[in-house]
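S.K.: Numbering of the sequence shown is given in this note's numbering, commencing with residue 50 and proceeding in unit increments.
Where is the CB? At the ideal position from N, CA and C, for every residue including glycine.
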Amino acid sequence: MSNPIHSFHIPVMGLAYTVDSPFKVARFGINSVLSIVEDRLIESMRNYYYQQANEPYIPIPSTEENYRARRITDYLDLLNRTVQAQMETLKNAAFETGSELVKYFEMLPDSSSLKGLYQKMIQSDSETEKAGLENALRSQIKPGSIDVNIMTKVDKNNLDSTGQVRENGSDALTALQGYANSTLTNSSIIFSAGLNPRLFNYLENCPEFDAKGLGEFDKKVVIKVSDYRSALIQGKYLAKKGVWVSEFRVESGLNCGGHAFATDGYLMGPILEEFKQKKSELVDSLFSLYTNALRQKGKTVFDEPHPIKLTVQGGIGTHEEDLFLHRYYGAESTGWGTPFLLVPEATTVDDDTLAKLQKAGQKDVVLSKASPLGVRFYYLKGTSAEVEKLNRIKHNRPGSPCTEKHLVTNTEFTKEPICTASHQYQKLKLEQLKSLALPVAEYTKQVAELEEKECLCVGLSNAVSHVYGVPFLKKLHAVTICPGPNIAWFSKVASLQEMTDHIYGRTNLLTNQERPHMFLNELTQYLNYLEEQLADLDLADLKRTTYLRNFSRNLEDGIAYYRQLAPSLLSTPATETAFSIGLAQAHERLLALTKAFLPA
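1. Just to confirm, is the Cβ distance from Ile608 to Ala635 under 8 Å?
2. Please report the Cβ distance between Gln407 and Val528, rounded to the nearest whole angstrom; I am assuming they are in contact, meaning their Cβ atoms lie under 8 Å.
3. Specify, as a first and last residue, the run of the beta strand (DSSP E) that Val415 falls within.
4. Closest to Glu253 by C-alpha separation, out of Lys285, Val274, Leu588 and Ser236, would be which residue?
5. Along the chain, where does the beta strand (DSSP E) containing Val664 start, and where does it finish?
6. Judging by CA-CA distance, which residue of Leu614, Arg130 and Lys73 is the nearest neighbour of Leu374?
7. Is it true that the CB of Ala224 sits closer than 8 Å to the CB of Ile85?
8. Skipping 5 residues on each side, what residues in its chain have a beta carbon closer than 6 Å to that of Asn129?
9. Select from Phe72, Ser56 and Asn52 the residue whose C-alpha is nearest the C-alpha of Pro393.
10. Go through its chain and collect everything with a Cβ distance to Phe646's Cβ below 7 Å, but skip five positions before and after it.
11. Below 8 Å CB to CB, which residues in the same chain sit around Leu642 once its five sequence neighbours on both sides are set aside?
12. So with Cβ pairs under 8 Å, would you call Phe521 a contact of chain D?
13. Indicate whether Asp69 and Arg120 have their beta-carbon atoms separated by less than 8 Å.
14. What's the gap between the Cα of Ser334 and the Cα of Gln481?
15. Which residue's Cα is closest to the Cα of Asp220: Ser162, Arg117 and Leu287?
16. Roughly how many angstroms lie between the CA atoms of Leu572 and Gly533, to the nearest whole one?
17. From what residue to what residue does the alpha helix (DSSP H) around Met136 run?
18. Along the beta strand (DSSP E) that carries Glu501, what are the first and last residues, could you check?
19. Please state whether DSSP places Ile608 in a helix, a strand or coil.
20. Just how far apart, CA to CA, sit Phe144 and Lys412?
21. Count the other C-beta atoms from every protein chain shown that fall within 10 angstroms of the C-beta of Asp399, then say buried if there are 16 or more, exposed otherwise.
22. To test your reading of the DSSP string, which unbroken alpha helix (DSSP H) runs of 4 or more residues are found completely within the region 430-462?
23. On the CB-based measure, 16 or more other CB atoms within 10 Å of its CB, does Val436 come out buried or exposed?
24. Going by C-alpha distance, which of Arg187, Leu182, Tyr99 and Ala623 is nearest Asn141?
25. Is Ser301 helix, strand or coil when you go by DSSP?
26. In or out: Asn245 buried (at least 16 other Cβ within 10 Å) or exposed?
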């Protein structure tokens, strides 16, 4: 397993925001992740980037057989070819100020042996030595990986021309097929949002994910998780099928962007501690199941386990935080998502939304109920999509046109699933609510929650139509964006080199130096979530009451853990004092909440 050039990666963000990030950053050795669920968006990007490559663009219409998988495969192949061509150009560039070759080495972490070799080259007075070092540096250049994401809950069935469910033709399965058939190597597929048995069962029959040797995979499997238990369950499920998970990507349950999956009050620090303490146990248990499965299939068995990486993302904002995750918990890479929304060299955000991101404060990013999936969703207020949604409600036409249908899950009123953000569903649901003669307060609450739903398929894709002028959907141009709470501390558009320098501690892009530590920020999000849940609690609901008591106890344990961790966590007495004060205030708030809502 090759070592990464950089110690961070750019996670998947929305649908459009990282859909072409590899075109922008892979040649500098930076790993990035794109979503492959929205095939119409993929087709728009094929249209644009074939023109950029001066290659003929041949559309793959939706009337053709297996069009979804074919669109995805072709786009990933185009990405791969383009990045390889970029690497050849970069390798042949001159070592001169302003060249991308120099930029490649200057962005490396100072601890990198390759960076050390570069420093030696530029300081050398010997032309012969310098020429030799230049050749050595060129030979060691490699691109960042082109990784893809499938949100496992997005797995709508698709029908064939006769109206029958297409076998192995659901959204997630065809996305997986598209990736598996691509020419990508040294690449990973990241599965997020939990275990999907149909998808994981299909994975068993994909030889593209088989090991070529110890730790050698052309295409690796990565599971994004919120806690150790989820990693163990999903890892075992796949190991029993002879599929090795090469990485567990731990993401904060609530201090993240996009869809948020709150844990049962378990905070990131204690979760990472559990991974740290049980890493060997996890590897051994998966290796035993994996080996038995390989034997039963008559495949090559390995004498020792393939490596398993632990990576971390969610709310990281400073070099000190990043460094601690690497050194203390053994994270092999850290995901920096939300800050990169302000880096046009790395992500695709339209100018109007970019301006809103720069102005966003802590109250502008909300943990909404906007997602039709019924999963909480971080959401920037004031976007063009929200304005459009409110305007439709004002004109008694709530809901959105449902063109993409990736999030159709509801069969409350129809035989075929429909989306809860659609005109169709909202009209039917409003008629039902009016007929129930609910108390005014309850009726108002349910209507508000219903009308909060928003079309994410289109809103999270539309940035490309604004930035590149490529067709996506006629008459639908509104944009939704899903930063994490961390955006409140970043307010400047930055270059790729500036953001990389920030991550590695060579500059500071924070606009407010009073930003609390990422662990405190996450704790605040969990306390806000707990307060919201307690406000609606009926103490007669014993199951819910027990759950929230356990939730509160887990937060209490997390605060105790951080108290012990503080001396190792922070570098100066001032930062340790600020952290301790923040913990004490959080603990007081927790006690006040439980006293008010969960009396003993």
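M.R.: Taking the geometry as given:
1. yes
2. Contact doesn't hold; Cβ gap of about 15 Å is too wide.
3. Val414 to Ser417
4. Lys285
5. Any question about residue 664 goes unanswered here, given that the chain covers just 50 to 649.
6. Leu614
7. In this structure, the beta-carbon distance from Ile85 to Ala224 falls below 8 Å.
8. Thr232 and Leu233
9. Phe72
10. Excluding residues within five positions, the ones whose Cβ falls inside 7 Å are Leu583 and Leu586.
11. Leu576, Leu579, Glu580, Leu583 and Ser601
12. Absent here is chain D; the protein component of the structure consists of one chain.
13. Not closer than 8 Å, so no.
14. 50 Å
15. Arg117
16. 14 Å
17. Where Met136 is concerned, the enclosing alpha helix (DSSP H) stretches over Tyr116 to Lys140.
18. No beta strand (DSSP E) contains Glu501, which is instead part of the alpha helix (DSSP H) from Val489 to Glu501.
19. helix
20. Straight-line measurement puts the Cα of Lys412 at about 46 Å from the Cα of Phe144.
21. Classification of Asp399: buried, given that the 10 Å Cβ count is 16 or more.
22. 433-443
23. exposed
24. Arg187
25. Per DSSP, reduced to three states, the secondary structure at Ser301 is coil, with no helix or strand assignment.
26. buried
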